[in-house]
Structure formats: C-alpha cells, structure tokens
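Peer 1: Here the protein sequences come in this chain order: D and Z. For the first sequence, this note's numbering assigns the number 1 to the initial residue and increments by one for each residue that follows. For the second sequence, this note's numbering assigns the number 691 to the initial residue and increments by one for each residue that follows. Backbone N, C-alpha and C fix where the C-beta goes; we use that ideal spot for every residue, glycine too. Small disclaimer: the values here were computed from a predicted structure and weren't measured.
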Amino acid sequence: MSYQVCIDIGGTFTDCLVVAPDGEVRIFKSPTTPGEFENGFVNVLHVAAEGYGLESAAFVAQIDQIVHGSTVATNALVERKVARTGVILNEGHKDILTLREGPRKGAFEWKIDYPEPYIPASLTETVRGRIDARGHEHVALDEAQVREAVQKLIDRGVEAIAVGLLWSVVNPAHELRVAEIIREMQPGLAVSLSHKTNPLPREYKRIIATAIDASISPVISSYISKLVTKLEEGNFVGELLLANCVGGMMPTETMIEQPIYSVMSGPTLAPMAALALTDEKDVIVGDMGGTTFDVSALRDHKLIITPDSMIHDDALGIPKVDVRSVGAGGGSIAHVDVGGMLQVGPHSAGARPGPACFDLGGDKPTVTDANLLLGLIDPDYFLGGAFPLRCDLAEQAVKPLADELGVSVEKAAYAIYTTANHNMVGAIEDITIREGLNPRDSYFVAGGGGTALHIAEMADVMGLSNYMIPRFMAGLSAFGGLISDLRNDFSGALHTDARRFRLDEVNTLIDELRKEAKAFLEAARVPEDKHTFELSFQGRYEYQSWEIEVPFTLENGKLSETDIEDLAARFHAMHERIYSIRNEDDTVEFTRWNVRAIGKRDTIDTWRAGKVAAQDGAPVPKAHRPVWIQEGVDGGFRDLPVYELNDLGSGAEVSGPSVVEAETYTAIFRPGHDFKVDDLGNLLVTIQRS
Amino acid sequence: MSTTQQTRLDPFLVSVLKSRFESIVREMTLVVTKASRSAVIKNAKDLSCALLTYDHRLVTTEDALPIHVTSMDVATRPITEFFDDVKQGDIFLNNSPFTGGTHHADLIMALPVFFDGEPLFWAVALSHHADTGAPEPSTYLPYAKSIFEEGMHWPCVRVAENYEEKKDILRMGALRNRVPDLWLGDVRAQKGAVLTAEKRIVELCEKYGKDSIKDFVEDWFDYADRRAKAEISKLPKGTYDYQIAHDPVPGVADEGIPINLKIEVDPEAGEITVDVRDNIDCVPGGLNLSENTCLGACRIGVFNNLDASLPHCYGSARRIKVLMREGSAIGKPVYPAGTSVATTNVNDRLTTAGNAIFSKMGKPFGQAEGGPHLPVGMAVISGQDPFKDGQTYVNQIFVGYAGGGANHGHDGWLTYCGPANGGLITLDSVEVDESMYPFIIESREVEADSQGYGEFEGAPGVRGAYYPLNHDMTVMYAADASTFAPRGVLGGLDANPTKSRKKTRKGEVVDLPAFNQELCADGEKMIFNSCGGGGYGNPLDREPTRVAKSVNLGFICADTAREVYKVALSGPDSSGRFDVDADATATLRKTA
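1) Under a CB-based cut-off of 9 Å, is threonine 1041(Z) close to chain D?
2) Skipping 5 residues on each side, what residues in its chain have a beta carbon closer than 7 Å to that of threonine 963(Z)?
3) When you compare the segment 532-548 of chain D with the segment 606-622 of chain D, are there three or more beta-carbon pairs, one atom per stretch, that lie closer than 8 Å?
4) Are any of the Cβ atoms in chain Z nearer than 9 Å to that of aspartate 142(D)?
5) Can at least three beta-carbon pairs, one atom from the segment 1063-1073 of chain Z and one from the segment 1161-1177 of chain Z, be found at a separation below 8 Å?
6) Nearest chain Z C-beta to tryptophan 593(D) closer than 9 Å, yes or no?
7) Consider the Cβ of alanine 397(D): report whether some Cβ of chain Z lies at a distance smaller than 9 Å.
8) For valine 1200(Z), which of helix, strand or coil comes out of DSSP?
9) Considering Cα atoms alone, identify which of Asn995(Z), Arg1191(Z), Ala1274(Z) and Ser1260(Z) is closest to methionine 1216(Z).
10) Output, in chain order, the set of chain D residues within a Cβ distance shorter than 7 Å of methionine 1126(Z).
11) Need the endpoints of the beta strand (DSSP E) that glutamate 534(D) sits in, please.
12) Taking the beta carbon of threonine 694(Z) as the centre, do at least 16 other beta carbons fall within 10 Å, making it buried, or is it exposed?
13) Could you tell me whether the Cβ of tryptophan 628(D) comes closer than 9 Å to any Cβ of chain Z?
14) Which residues, in order along the segment 706-730 of chain Z, keep a beta-carbon less than 9 Å from a beta-carbon of chain D?
15) Put leucine 734(D) into one of helix, strand or coil per three-state DSSP.
16) Measuring straight from C-alpha to C-alpha, what distance separates leucine 383(D) and leucine 77(D)?
17) Can you give me, in chain order, the residues of the segment 333-366 of chain D that have a beta carbon less than 9 Å from any beta carbon in chain Z?
18) List the residues of chain Z whose Cβ lies closer than 9 Å to the Cβ of arginine 84(D), in chain order.
19) Does chain Z have any CB closer than 9 Å to the CB of phenylalanine 552(D)?
20) Considering only the alpha carbon of each residue, which of Thr14(D), Asp22(D) and Leu241(D) lies closest to serine 2(D)?
21) What does histidine 1002(Z) touch in chain D if you count any residue whose Cβ is under 9 Å from its own?
22) Would a check of beta-carbon distances place serine 122(D) closer than 9 Å to chain Z?
23) Shorter than 9 Å from the beta carbon of cysteine 1247(Z) to some beta carbon of chain D?
24) Find out if the Cβ-Cβ distance for the pair leucine 1040(Z), isoleucine 934(Z) is shorter than 9 Å.
25) Assuming valine 1283(Z) and phenylalanine 906(Z) are in contact, meaning their beta carbons sit under 8 Å apart, how far apart are those beta carbons, in whole angstroms?
26) Out of Ser1072(Z), Asp1269(Z), Ala1211(Z) and Gly1244(Z), point me to the one whose CA is closest to glutamate 1233(Z)'s CA.
27) For the beta strand (DSSP E) that tyrosine 1127(Z) lies in, which residues bound it at each end?
28) Checking 9 Å against the spacing of the C-beta atoms, do alanine 394(D) and cysteine 357(D) come in under that value?
29) Using 9 Å as the limit for Cβ to Cβ distance, is alanine 813(Z) near chain D?
30) Of the residues that make up the segment 91-107 of chain D, which ones have a beta carbon closer than 9 Å to any beta carbon in chain Z?
31) Just to confirm, are alanine 1177(Z) and alanine 1046(Z) a CB contact at a threshold of 9 Å?
32) To the nearest angstrom, report how far apart serine 658(D) and tyrosine 643(D) are at their CA atoms.
33) Hey, which unbroken runs of the beta strand (DSSP E) at 3 residues or more fall wholly within the segment 64-100 of chain D?
34) Give the residues of chain D in contact with leucine 985(Z), contact being defined as C-beta atoms less than 9 Å apart.
35) Between aspartate 661(Z) and leucine 816(Z), what straight-line distance do the alpha-carbon atoms span, to the nearest angstrom?
36) Name the chain D residues whose beta carbon is nearer than 7 Å to that of histidine 818(Z)?
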C-alpha cells in the first residue's frame, strides 16, 4: 500500500486529503494550531490514520509523498514576526520602500495613517554608484561607502541584508560586489540580492520582494526543519513537497533558498484543482471559508499570474497566481449602519466565538446563522452531524437586527444571506473585469465548505450558465495540492523591442534560464521524460507603463529573426484578449523573459481511478425539508427534496430546486439549476433560464 | 435611530440593488478602459462613469475621479432644457463649460435609459480626450483667454438617434482633431459603456419591476441623506470663512488669484451652505473655473470632511447648498471666458480651501492645506530619443509630487499629488521611466523637515533631480505653491514652498520660474522640491511618541524634535531607533 497525501493549513482548519492506491480520495480535518503549525500537521495525520483504522506510525510509513501548503510565511508577515533585516539602496533613493508606487486608498478617505515602510529607515543604507537602463556603469560603486553601510547594519544587529540597486537586473555587477563585501565582513550573514530574488525591472516591487524574502528566510527554514524532524520521528520515509505561490510544488531545499515563494501559497492551490477538474477555458474559482472568500480564475485554461498581489501594506513583488480575498465568510457579522442599511462583514466572528448557532459564546448575527434560519443548513447535519447547531441561538442573534430593519427574522436572515452573496459577486467581478473575463461566459468551480450554499444565487446574479460542485469541494485547495506538478519560474530582465530586437542576447538568456529550470527539476529528482518547459515574456506597447504576460513556444530551442514578428503578434492577440483592443502600429517592447519548469509527478492521476458507481434507477431523496427560495421580490419556504451525495451514482440527474448533503458540504440548487453527477462524484450544474 | 426608518422596499432589496448599480458602473468603467485607445484614458485612467436619474440626480459612481463626477448633474440638466423630444436611442455629447461641462477635454456622453416607454435614468461616461483640436497640442492651456483659443465645444449635441450615429456631426469632431481615429475610437468606447448600462438597467427592471427600481432610488437617496445629515449634525453651528490664493501667473494674474470661501453650518437642519460669490471676476486666461468644477470642488471639500463611507450621490449632496456668482473666476464663467485648466490649478486651491475651512470650527475638524499639482517632478518632458534614432517622445512624468495636509488624528498622506485626485495617482517607477525615456532620475526622496509641523504633521515633500542623456530635453511644468506654500491650521505650521531649479554645466544651481517651459540641455540637471503639506494643531501638543516615529521614519531630524516639538529622545538603541526620553521631555515642554 502507498498513499499520496496533501495537507493544507488554513486559518481555521488543517485539511488532509489522502488518495489510496485504488484512487479513492478521502478528506480529514483537524483544527489549525497557530504558532506551532507543525502540531496541527501531525494531528491531522493521526486523524487520517484513524480513518483508515491504522496505527499512526503504520499509516505514515505507507505514505509515498506529502505535498503541503501552509500559511506560515503569511502569518509571519502579517504579524511582523520576522528577522531583523537591513536593506542597501542607491544614493538618492532611500525611500523606495516608503514611497512605493503610491499606496492605495479611497478617494474620500483621509482618516488614515500612511503605512510605514517594511524596513525602517534606521536599517536602510544607501551607497553611491549607478547602473543605467542599458546596463552601463554610469557612476562607479563607492566601495568605502559600502563598507561603512554594511558595518552600520552589522552593528545594528541585522540577521539578514537585502541588496536592491537600480538596474541590477540588466547589470548585477554592483549588487554582486556589495554581496562580496558583506561576505568578507560578516561571513555567514544571510544576503538576498534583488536581481536574483525577483528580476523585475520595476524597483519597488523587486526590492520589497527581496526584503520580504530575506526577512522570512529564518522563519521558513526553522519551520521546515521542525516539520521534517517531526515527520521523521513519525516514521515518514517518503518525499515532502511544498506548495509555492506560482501554482506548483517545490522540494524543501528549493523553498529554503527562495522562501518568498511560500507566501500565500495555500490559496493558489484552488485554481490548480480547477485546472484538473474541468476542461473549460474561462473558469472562476470561488472558495468561501469562515472569514474570507478567495477568488481566482483560469483564462484560456491557464493560471493567471499577477505582479500586483498585496500582503499587509505592501506589494509581495513577485509574480504569483492571482487570488483575491474579500471579507465574506460563514462567520462574517451583519449589522445595521447609522443610515439604516444592512452591512455584512468584513468583521468576522471567526472560528471562536464563531456564529451564534455554534453555541461557543458568540452572540452576533453571522452569515451561518442566517443560513441556518433559512433552512439552507440542517442543524443536525452540519459537518456530517459531528457538530449540532442551535437554531434558537441563531434566532436570538438575528432578532434585534430584524427589529431594526422592521422585518421578520426570516426576511432579515435572507437580507444577510443575499448581501453576503452580493459582496462575493463584487469580488468576482473585481478579478474577472481586470483580467478580461466575462463572468457570463465563464464556468464556475466551487471550493471551500460554504460556497455551495451560496453559489446558486450568485450564479443567477452573474448570469452564469454552468458551474461545478466538486466532490472534494470542502478541501479543494488540498485536492489541488494533491494533483499539482512540481513547478518553478526562472526569469531574467532584458529590455528590447520588436524593431530593434536583441536576438542573440535573448537567446543566451533563454538558454541560461532553461538550464536553471532543468537543474531545478533534476534536483527534485524528476525523470527527464516528465520535464516540460513553458516560455513567456512580459511585454507592453511603447510608452505604456504596465506589462502583460504572453506565453510563446520555440520550435528548435532558439528564436530566429522570423520569430520576432510572431512574438509581437502573440502580444497583440493577448492585449486584445485582455483589453479588447490592439494597436498594430505601435512598437511592442519586451521587458522580462520567463521559463517555467514543470515536472509531472508519477502518481498525479491516481485519483482519476476513484470512480463512483453508476446510478441505478431514479435518484431517491433521503428527506424533504423547508428551504427559503427567493424569486425576485418574493421569497418563502418551499419543501425541497434532500439527496445524500453518497446515494448518488454517476449519471444521476436531478432538477432544481433541490438540496444535496455530503459529510463536508451542503449544496442548495435553485429552481432551474439541474445537476448531473459525473463519474468522479462531482455535481455538474446547468442552469435553465426561462 | 435606524429602527424608525421606513424604507419603501424590503430592506434586502435596497442593499441588493445598491450592489447591482455599483456593478453596472464598474462594468461601464471597464468597457471604457478596455475599448479606449489613448494612453491618457487607458494608462492614467482619466475617465469616470455614473448613473443619474432622468431628472438629473446622481445615483452611483464607482472608481471615479472626484472632480469628474461630483457635480455630474450640472452636465446632464441642460440636455432636457434644450430638447423636448428626448427618446430612446438618443446619445448626447457635452463638454462645454457653458452648458455644464467640466473643461473642453472632458467629453461627457449621456444616454437616456427608457423602460416601458418611460425615461428613468441617464447613463453617463466621461473621458478625458488626448486632443480637442485646440490651437496648441495640449489640453491644459493656462494662457488660453477664451473659448476661441480652446478645442471644439459640444454644447449638448445629439450625436445619435435610434442608436444610429449621426455621421456628419461626428465628422465635424474628427476633422477638428489632431488624432481623429483615436478620438473616434475613444468616443465609441464611451458609447459601448452607456449602451451596456442601458442593457443592465433594463434587465434589473425586468427582474424586479420598474416600480421597485424607482423606489430603490428614493430609498437610496434617503439613506445617503440620513447618513449626511447625521454627519453634519456633529459639526458646530456657525459661519466660517477662509482665504487662499493661487500663485501669480504672469500676464493672467500677476498678483495671483485670491479665493474667498464662506460656509454656514446648520447642524439642526443638517445642512451646509458654501458661498463663493465674493470672488474676483474672470481672469484673461484658462484658469477660470467652470460652473461644474466650482460646484464639484465645493462639494468635495465638504465630503472630504465627512465620513468616507458616506455615499457620494444626490442624497448626500443635496445637504450641501452652493452659492456661485455669474462672471466670477471662482463661479459661473461668462461666455466666452477661458476654462482650459478648470479641473486643476484654481480648482485645486478651492478644494484645499474647502478641506481647510472646517478647521475654523476648532479641533477635531478640518484639514491643513496640502500641495497642488504640476511641480517639475510632474512635468511634461519631450525631446528626440538618441537611443531610438531621434524618435520624438512627449509625456507627463509622475516622479515626485506634493504631500498632503494633516488632519486631526492623522499626519498628511505622503503620496498625495493634489486635491482633485484624492491621492489616487500612481507614482512612477524610476526604472520604468528610465526604460521609456532617455534620462536618468538621479534622486527622488522624502525631503525631511519640508513639511508643516503640528500636533499632526503635514506629509513631507519629495525632492529629486533628473537629467537627459545625450540630448536636450524640454520640460514643461506649472508649479503652483511656489509663492503661496501650503499652510498649517489651528497652530500647525506652514510647509516650505515648491522649488524649481536647474544645475548648469558649470555646476551652478539657478532658480527657475514657477510656470515655465525649460530647455534642459545635455549636461544640465532639473532639480525639484515638491512641497509638503501643512500641519494641524500646535506642535507642542504632538504626542512625543509620534515625534519619535517621525524621526524614525526620517521625516524630521532629531534637532527638530528638540527645538520645534520640545521632545527629548533617547537612543539610538542597538537597532538604530530613537525612543522618547519622558523625563527630559517633560522638563523641555514645561519651559516651552
């Protein structure tokens, strides 16, 4: 026997998905243990072992591979529990991390403080020396000044130094020399160089990434080593792979070298799952948890990579899979504002005290309380019945709000429900609008335990035609980890344009990147026939100030003169795809080149064998219960058939309205929402509109 | 209080329709952004969309620049005055300040939305066009004395009927434009947006019924009204006045342009009256405000002093009465006065006065003055690129701009730029700029101690230097606040003025005029000091920990802490941070 395991540490629960050799997939959950995440990791393995009726050590010994997504780096950053880090910048540019590119704010918002820089001024040093945009040394590096700066930082007790010099991406000589001097002066001190960490020709984003990388390095190293020790103690002899934020896995050694790739890695696994679950081209993935709703998307069946992700007050700086969050979850608290308008979130009751109906001391009305009062959730079958809910407490919590609004408790509950839905629709529109997707033409894959209670109404609001409730919706991210490839990005900056294309230099760069990419896959012990390399460039029209990512292919490993036109054509097409227009007469500029290494894992498709039995006869509901159904301005309870997921075979078809219950989720289907069960147990929904 | 509010609609429907209307405006904005062609619209996002009721009450704006939309009602109202046959499928264009437009470059497109034969809404898309066909190839012409030195005016012109474009009329616009294809493409992008809005509103009417939609609008206005009233009722009753001035502009206003602003606050009624009637007549240049921007600036000043989550629509704006005088530079201009820069310059100053006048109510009200637009760090640079075979480049850079004024509880916003944009303008990346244009940005840093000190401190200004590589570069700027620097309020101190200078080949640093087109020759350097914002409250009342924070941020030096704030610091500690020496500070402040 050998198992494949993915463990995803979320804010509330640590999810564990296990694929048995026959392809059967099971989900296990255990509470997350903040501060000592490795404990929750080990705990959930115990829970899984129990599920298979095995001793923990015996179970762990049979695991081939564990893939792992965590919030360790994200938490360290948000709580600023990071290493004391210094930064060395160019003279004249000491405030790169303070000015940023102008932090975001609301137009009428003035009662706010300007955010402090990630590295304080006292740990920021500048040195004379300058490279220009073409890579020429414009001003020589003042080494005496460098020594002074380094000494100052050492005296101030830094554990790491980030070096971020202008145009190091086209000529790293000054950064490399600074690194040499640091090593001379303090051997062993951790040094991150911006041209290596994030070779992006846009200084704030490159340097903030470098500073973050340097500062979390000790946190990540220590977490990984604790985890490895615990696993070894627990009899683990398989391979441990870690999720990164570019949509794949890395060996632990690689993650220790580039720890910034672990930041916000967990949520990026959800779109990975969607890649495997559907062949649809444009896909929205929504994952509703206890406190947030995370949205991501696939465009042309590819992950969307963005350089604009934010963490706390700063950009993360590196290009990563685009996932956006809005404060809408089961625990989001509803209130009536001073003008009499109902507001839901962003404040959340979290897991503790949680919604009032949890009976853990919470008394504020939350989305989960509303869902309970609307009959969307069966109080006796929450999390498969493991956790009974109290309707009376939900009602008590919602009543004052209903009084304030002057409506019945049910109507107030529906108001909470639909307001939360519209908040989530807003988040979806935010990402689709910016990435050039039309929600109406997109497919939707639901993730997280709560989404299936809400997706039907959201789908009608957005005008979707189809969506999917995956069998493992509640552990969609963990499922994504289970089926992810090894993946890492290797990129370099080289500015050129279609009219004066620097062919030889581009070829040399791509060649180098490809070598690095290959070395990564070899180090991860991926056999050569499983290697894939995807190429892309960042491009823009001349005098445009932002870039888009454009994939391209190479016939025989090298670009030739005739390919330049093709690269430009690909750029025009992508620009039109995202922004609806192309400017054929404008010059296309290329700023950065990327080689993505993909190593397919042997066992990755095992889960596809885990088919459910065919449906025998018409599906039979296990019960009926009253559920609130809203039609336009009118709403009321209707008696809906409730189906048990485990009773539904592949091919089963049910017309809406209906309810499906599973151990880890409840799904509500509105009138016109008809679903069919596929052979993996996913519910494929088609909406009939009159 | 909310328990007694009776809405026409079920409460859920108010929040649902609010979201849907926001979504419609977001989609409109997307359509304009995606389908437009010119950089000023696509890159700089110089566009705004809005929905108004058919009787010209602003319902929703999203992601909009405040000065574009806060008084959009002024721009649609003349349409129903000029036309008594408005019908489904009509489209109107308006950019004329004499028929409610902002300034000649902002082309406003409006489409009436009908349902069941009844006109319900105006869908409006405003874009700042790259060219207007003015005598000079720019849309900002401070010296243009009248409409005859500006681009083409569209005084509420019907450019489509039954959804069919009137090709002859659009041909007039295209002919009078330096980039006709770009112009027409951008106009069609606006058309795409208003048509999208029409479709979405019709869908909502079908789903919820026309009457529900009409009821929603009234409920929504009532809600905004209640929120605004509640906010205004917290203000002290009284009449307040404030004076400010735009810097001298030679030949247009040699002594500068003074602005008198008066407001009357009636907390019981929950109303504010803004009075700008006591101001000078129109000046012979493009610095006059339009009725639209004057009204907008007056409303924005008030909104900036109320809770930011207040809806900025008719419901809240109706609690702000604005009194303007015909023929005034700060009011309704008289035909054919020049209004080419009506959305920046004097408009910046009027908004700033509106922000600051609330400080006359005492703490915790109002804001100190922030800096205005267009220092050398925001110049339009042009020349022939020696690395691209002499190809011509011309564009505006955003390398270093002004800081914001302080308010009670908060220091000024560092990347402020100017009051018309609400701090939304992106600061350029040095590397992105240097990769586009043949120049070096030698420095761009916070200038410590350039701000106005106070209990709450203005944001410091930003200083820097840039120079052309291997060619001569033309630098155009209009640096207001070179003479009249942003001032502090309630005992807060003034910021340093903006400076525009050049370092010659000999190494001399020479002062340059504030409104200027300068040739920066190869070997010379442009030097800018964009001003910071003014302080709020007496510096001696500043919490010592905030003083230490400013020192630790590098925004002030330790001497300032001791001499201005009378705060003694200890340190630096091992990590280089300063802390407050409480005892020594107490002694210092006792003798201050």
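Peer 2: In short:
1) no
2) Ile953, Glu954, Lys1011 and Leu1013
3) They do not touch, by the three-pair rule.
4) no
5) yes
6) no
7) no
8) strand
9) Arg1191(Z)
10) Those are Tyr543, listed as they occur along chain D.
11) Note, glutamate 534(D): beta strand (DSSP E), 531-541.
12) Residue placement at threonine 694(Z) cannot be trusted, given a pLDDT of 44 that sits under 50; what the coordinates show is reported in the next sentence. Burial state of threonine 694(Z) is exposed, judged by a 10 Å Cβ sphere holding fewer than 16 other Cβ atoms.
13) Answer no: the Cβ-Cβ gap between tryptophan 628(D) and chain Z never drops below 9 Å.
14) Val706, Lys708, Ser709, Arg710, Glu712, Ser713, Arg716, Glu717, Thr719, Leu720, Val721, Thr723, Lys724, Ala725, Ser726, Arg727 and Ala729
15) Outside the displayed span of chain D (1 to 690) sits residue 734(D), for which this structure offers no information.
16) 32 Å
17) Val336, Asp337, Val338, Gly339, Gly340, Met341, Leu342, Gln343 and Val344
18) Ser1265
19) Taking CB atoms only, phenylalanine 552(D) has no neighbour in chain Z less than 9 Å away.
20) Measuring from the Cα of serine 2(D), the nearest candidate turns out to be Asp22(D).
21) Ala107 and Phe108
22) It does: the Cβ of serine 122(D) has a partner Cβ on chain Z nearer than 9 Å.
23) no
24) Result yes, Cβ atoms of leucine 1040(Z) and isoleucine 934(Z) sit closer than 9 Å.
25) Since the displayed chain Z opens at 691 and closes at 1282, residue 1283(Z) lies outside it and no answer follows.
26) Asp1269(Z)
27) Run containing tyrosine 1127(Z): none; DSSP gives neither H nor E here.
28) Using a Cβ distance threshold of 9 Å, alanine 394(D) and cysteine 357(D) count as a contacting pair.
29) no
30) Glu91, Gly92, His93, Lys94, Asp95, Ile96, Thr98, Leu99, Arg100, Glu101, Gly102, Pro103, Arg104, Lys105, Gly106 and Ala107
31) Reading off the sequence shown, one finds arginine at residue 1177(Z), where the question assumed alanine. With contacts defined by Cβ atoms closer than 9 Å, arginine 1177(Z) and alanine 1046(Z) form a contacting pair.
32) Using only the alpha carbons, I get a separation of about 8 Å.
33) 85-90
34) Correct list: empty, because the minimum Cβ distance to chain D is about 17 Å.
35) Residue numbering for chain Z in the displayed model covers 691 to 1282; residue 661(Z) lies beyond these limits and cannot be assessed.
36) Within chain D, no residue comes near histidine 818(Z); the closest Cβ sits about 16 Å away, beyond 7 Å.
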